[in-house]
Amino acid sequence: MNVSRIALAGGVAASTVLILAGTASAHVSVQPQGEAAKGGYATINFKVPNERDDASTTKLEVNFPTDHPLASVMPQAVPGWKIAVTRSKLAKPLTMHGQKIDEAVSKVTWTAEGGKDDLGIAPGRFQQFPLSVGQLPEDTDQLVFKAIQTYDNKEVVRWIEEQKDGAAEPETPAPVLKLTAATTDEHGGAADDKSGAAGADAAKDNHTEASAASASADSSSDTTARVLGIVGIVIGAAGVAFGVLSGRRRTA
């Protein structure tokens with residue numbers, strides 16, 4: 113009886129953990145495709161799950177950080193969604209590739225369009241919204257994007273709460289993009305340089321091995337020639353000796 117109660121309690125606890133984990137993870141988030149390196153460019157995806165059983169998500173509005181503005185933001189087309197990019201004047205102009213930029217993208221809005229039956233993100237589904245962004249800042253480890261999710265029943269969920277150090281995750285956390293260490297070339301030049309160096313080293317090693325093999329072959333040929341020469345001399349001497357002995361026997 114006690115064993116059954118313990119098993120039942122364990123099952124309830126496990127179910128509770130799964131439910132809480134599902135609830136905590138079911139929010140608007142942002143992740144890079146690959147890495148988002150400081151000072152470089154990246155493709156990022158905003159993942160939007162539908163948390164309602166009786167309504168569809170029909171609009172997503174993502175606000176970009178004003179303390180670290182991004183001059184280049186290019187959205188990828190998403191079937192069934194209209195995209196609007198809003199640019200705003202910067203309080204402090206940016207310098208990118210030697211050019212001064214006085215405005216940057218402040219907001220990107222996706223609005224569902226289509227028939228009633230296939231409008232937006234249906235219950236139990238999610239949608240990803242890709243963007244190409246850059247240059248990423250070099251003086252911070254993350255970027256915070258505040259997002260607003262709208263349902264077709266007019267409900268609005270504001271994913272705008274920032275995570276505090278040491279505190280529990282807020283109820284409606286803002287999407288956070290983690291940045292990785294800067295590379296020598298934001299366009300992938302470092303990788304190319306490493307590949308080129310590796311190729312040069314490999315070619316050098318191959319040349320060295322080929323030279324060694326050639327030298328070994330030459331050495332082997334010389335040794336063979338010397339052996340054959342010595343054998344020839346020995347055979348010749350033996351032939352002469354045999355001829356002398358034969359001549360003496362005939363004379364005798």
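Heads up, the sequence shown is in the numbering used here, so the first residue is 113 and it goes up one at a time.
Think of the CB as a built atom: it goes at the ideal place given N, C-alpha and C, for glycine as much as any other residue.
Subject >> Proximal residues to V197 (C-beta, below 7 Å), its chain only, five neighbours per side dropped >> reply: V185, P187, V217, V220
**OP:** Can you give me the Cβ contacts of K171 inside the same chain, cut-off strictly under 6 Å, excluding the 5 residues immediately before and after it?
**Re:** Contacts found: T223, T262.
Original post:
Which residues bound the beta strand (DSSP E) around G151?
Top reply: It is not in any beta strand (DSSP E) - G151 carries neither H nor E in the DSSP assignment.
**OP:** Evaluate the contact criterion for the region 149-156 versus the region 235-250: three or more CB pairs, one atom per stretch, below 8 Å.
**Re:** yes
Original post:
Would Q239 be called buried (16 or more neighbouring beta carbons within 10 Å of its own) or exposed?
Top reply: buried
Original post:
E267: which of K159, R164, S141 sits nearest, CA to CA?
Top reply: R164
**OP:** Give me the Cα-Cα distance between L289 and I233, rounded to the nearest whole angstrom.
**Re:** Whole-angstrom Cα-Cα distance: 23 Å.
Original post:
Which residues in the same chain as N175 place their Cβ atom closer than 6 Å to its Cβ, once the five residues preceding and following it in sequence are excluded?
Top reply: K219, K258
**OP:** Spell out the partners DSSP gives A196 in its beta bridges.
**Re:** DSSP output for A196 lists T221 as bridge partner(s).
Original post:
For P285, which of P144, G192, V160 has the nearest alpha-carbon?
Top reply: V160
Original post:
Which full runs of the beta strand (DSSP E) of 3+ residues lie inside the region 156-204, going along the chain?
Top reply: 169-175, 184-187
Original post:
Among residues of its own chain, excluding the 5 on either side of R270, which ones have a beta-carbon nearer than 7 Å to its beta-carbon?
Top reply: Excluding sequence positions up to five before and after R270, its CB lies within less than 7 Å of the CB of I260, T284, all in the same chain and listed in chain order.
Original post:
Leaving out five residues before and five after G236 in sequence, what residues of the same chain have Cβ atoms less than 7 Å from its Cβ?
Top reply: So the qualifying residues of the chain are N162.
**OP:** Could you tell me the distance, in whole angstroms, from the CA atom of A167 to the CA atom of A294?
**Re:** 42 Å
**OP:** Could you check the C-alpha separation between D264 and L231 for me, to the nearest Å?
**Re:** Here the C-alpha atom of D264 lies approximately 9 Å from the C-alpha atom of L231.
Subject >> Same chain, Cβ closer than 6 Å to P282, neighbours up to 5 away in sequence not counted >> reply: The answer, listed in chain order, is E273.
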